[in-house]
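A short write-up of the structure that comes next.
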């Protein structure tokens, strides 16, 4: 982690990149990726308008410009990651989002010979443990786009088949909320308030059930779910204490 933070240190050596608010692991990945492409674009001898690029040419380029210059290499890494030949959840998530936005099927298997729609893929793998990190990256990358992508993804995830009795679905939703910064969402994620209200109701009900059967201190799921939003727990405990 220390090596990663040092790598994304401001190129002038003064501070973390001032234009970027880095708070989550996916945001660290994005910052590292940007700096790596800034280096590799030169190593790959990329050209723009026929002119060989130098560090000076791309020093002030932002992500969209860098991605355009390295688009072939980026797409190759995304496909490779998603097929499992390259173990990198970040690039697999990027590929998933690219196909989701273009409404193209996902290519997978050896050589990418098999395909599946993004909707079917979500239905089959939204609760698969080994995809947990990829889904976190998907949520964070969609949230960073400040469009309705995360909202549409959650709509699909909330559809059947759905784990209604266990905590699996709620845990997945909690992970998605934690990868999205409320300050950056504007009006692109209207589901947040609804989801948080549902989590509050669920936590309140669980609190009552476990308190009544004297199992609260040992078996409450929300006590052991480290990523449960603390402000929701605070609301629940305030409400319960005021009503006692």
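Residue numbers (this note's numbering): 1107 to 1350. Glycine included, every Cβ here is placed at the ideal spot set by N, Cα and C. Owing to the predicted nature of the structure, the values given are computational and were not obtained by experimental measurement.
Identified DSSP bridge partners for residue 1222: Sequence index remark: in the chain shown, residue 1222 carries index 116 (1-based). In the DSSP output, where bridge partners are listed per residue, residue 1222 has 1212.
Tell me where the alpha helix (DSSP H) around residue 1253 begins and ends. Here residue 1253 refers to the residue found at position 147 when the chain shown is read from its first residue. First-last for residue 1253: undefined, no H or E at that position.
According to DSSP, is residue 1139 helix, strand or coil? The residue given as residue 1139 occupies position 33 in the chain shown. DSSP places residue 1139 in helix when its eight states are reduced to three.
Nearest by alpha-carbon distance to residue 1214: which of 1316, 1168 and 1190 is it? By 1-based counting over the chain shown, the position of residue 1214 is 108. Of the listed residues, the one whose Cα sits closest to residue 1214 is 1190.
Do you know offhand how far residue 1163's Cα is from residue 1280's? Indexing the chain shown from 1 puts residue 1163 at position 57. Indexing the chain shown from 1 puts residue 1280 at position 174. Looking at the two C-alpha atoms, the distance is approximately 42 angstroms.
Who are the Cβ neighbours of residue 1297 in its own chain at under 6 angstroms, not counting the five residues just before and after it? Translated into the one-based positions of the chain shown, residue 1297 becomes position 191. If we look at residue 1297 and ignore the five residues flanking it on each side, its Cβ neighbours are 1257 and 1260.
Rounded separation between residue 1174 and residue 1284 - CA only: The residue given as residue 1174 occupies position 68 in the chain shown. The residue given as residue 1284 occupies position 178 in the chain shown. Taking the straight line from one Cα to the other gives about 29 angstroms.
With DSSP collapsed to three states, give me the class of residue 1157. Taking the first residue of the chain shown as position 1, residue 1157 is located at position 51. Strand.
Compute the distance between the beta-carbons of residue 1241 and residue 1176, then report whether it is under 9 angstroms. Residue 1241 sits at position 135 when you count from the first residue of the chain shown. Residue 1176 sits at position 70 when you count from the first residue of the chain shown. Contact: no.
Relative to the C-alpha of residue 1205, which residue among 1172, 1185 and 1143 is closest? As a first step, residue 1205 must be located in the chain shown, where it is residue number 99. Looking at the Cα atoms, 1185 is the closest of the given residues.
Span of the alpha helix (DSSP H) holding residue 1282? Position 176 of the chain shown holds residue 1282. It spans 1274-1284 - the alpha helix (DSSP H) in which residue 1282 sits, taken as one unbroken run.
Please determine, among 1142, 1314 and 1268, the residue with the shortest C-alpha to C-alpha distance to residue 1231. Working through the chain shown from its first residue, we reach residue 1231 at position 125. Answer by Cα proximity: 1268.
Taking the Cβ atom as the reference point for each residue, do residue 1188 and residue 1212 lie within a distance shorter than 9 angstroms? Along the chain shown, read from residue 1 onward, the residue named residue 1188 stands at position 82. Along the chain shown, read from residue 1 onward, the residue named residue 1212 stands at position 106. Between residue 1188 and residue 1212, the C-beta spacing is below 9 angstroms.
Looking at the ligand NAP, does it come within less than 8 angstroms of residue 1260, judged from the CB to the closest heavy atom? In the structure on display, the ligand NAP does not appear, and there are no ligands present to speak of.
What separation, rounded to the nearest whole angstrom, lies between the Cα atoms of residue 1277 and residue 1266? As a working note, residue 1277 is residue 171 in the chain shown. As a working note, residue 1266 is residue 160 in the chain shown. C-alpha separation (whole angstroms): 16 angstroms.
With the cut-off set at 9 angstroms, would you say residue 1207 and residue 1169 are in Cβ contact? In the chain shown, residue 1207 corresponds to position 101, counting from 1. In the chain shown, residue 1169 corresponds to position 63, counting from 1. No, Cβ-Cβ distance for residue 1207 and residue 1169 is not below 9 angstroms.
Buried or exposed by the 16-neighbour rule on C-beta atoms within 10 Å, applied to residue 1155: Working through the chain shown from its first residue, we reach residue 1155 at position 49. Under a 10 Å Cβ-count criterion, residue 1155 is classified as exposed, with fewer than 16 other Cβ atoms of the shown protein chains found around its own Cβ.
Helix, strand or coil, according to DSSP, for residue 1322 in the structure here? To locate residue 1322, count along the chain shown from 1; it is residue 216. Bear in mind that the predicted position of residue 1322 carries a pLDDT of just 48, short of 50, making it unreliable; the figure below should be weighed with that in mind. In this structure, residue 1322 counts as helix in the three-state DSSP scheme.
Just reading off the alpha helix (DSSP H) that residue 1174 is part of, what are its end residues? The residue given as residue 1174 occupies position 68 in the chain shown. It spans 1169-1175 - the alpha helix (DSSP H) in which residue 1174 sits, taken as one unbroken run.
Can residue 1246 and residue 1133 be called in contact, C-beta distance under 9 angstroms? Here residue 1246 corresponds to residue number 140 of the chain shown, with the count starting at 1. Here residue 1133 corresponds to residue number 27 of the chain shown, with the count starting at 1. Result yes, Cβ atoms of residue 1246 and residue 1133 sit closer than 9 angstroms.
Buried or exposed for residue 1158, going by 16 or more other Cβ atoms inside 10 Å? Within the chain shown, residue 1158 is the residue found at index 52, counting from 1. Flag for residue 1158 reads exposed.
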